[in-house]
Amino acid sequence: MKPLDHKNLDLDVPYFADIVSTTENVAVYIWENLQKFIPVGLLYKVKVYETDNNIVVYKGE
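Residues in the sequence shown are numbered from 224 upward in steps of one, following this note's numbering.
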């Protein structure tokens, strides 16, 4: 996910100009971008770790 690497999400990533850059929204962003490159039905979930104790799992819901 090069567009997110070493970036200030709020300032450097246009997607987050009007969306709060929570971990949940980062997971949605990753899901939406991965879907463009993966055949339909193969992407099952995106898991984003903030810390060992704070994890978001998004399944395209």
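Beta carbons: idealized from backbone N, C-alpha and C, even for Gly.
Note that the structure is a prediction, hence the values are computed from the model and not measured.
In angstroms, rounded to a whole number, what distance separates the CA positions of residue 250 and residue 227? Cα-Cα distance, rounded: 11 Å.
Kindly indicate which three-state DSSP category residue 249 falls into: helix, strand or coil? Under the three-state reduction of DSSP, residue 249 is assigned to helix.
In whole angstroms, what separates the C-alpha of residue 265 from that of residue 254? Answer to the nearest angstrom: the Cα atoms are 12 Å apart.
Run through the DSSP bridge pairs and tell me what residue 280 is partnered with. Beta-bridge annotation (DSSP): residue 280 is paired with 270.
Counting only beta-carbon atoms, is residue 263 nearer than 8 Å to chain B? In the structure shown, chain B does not exist; there is a single protein chain.
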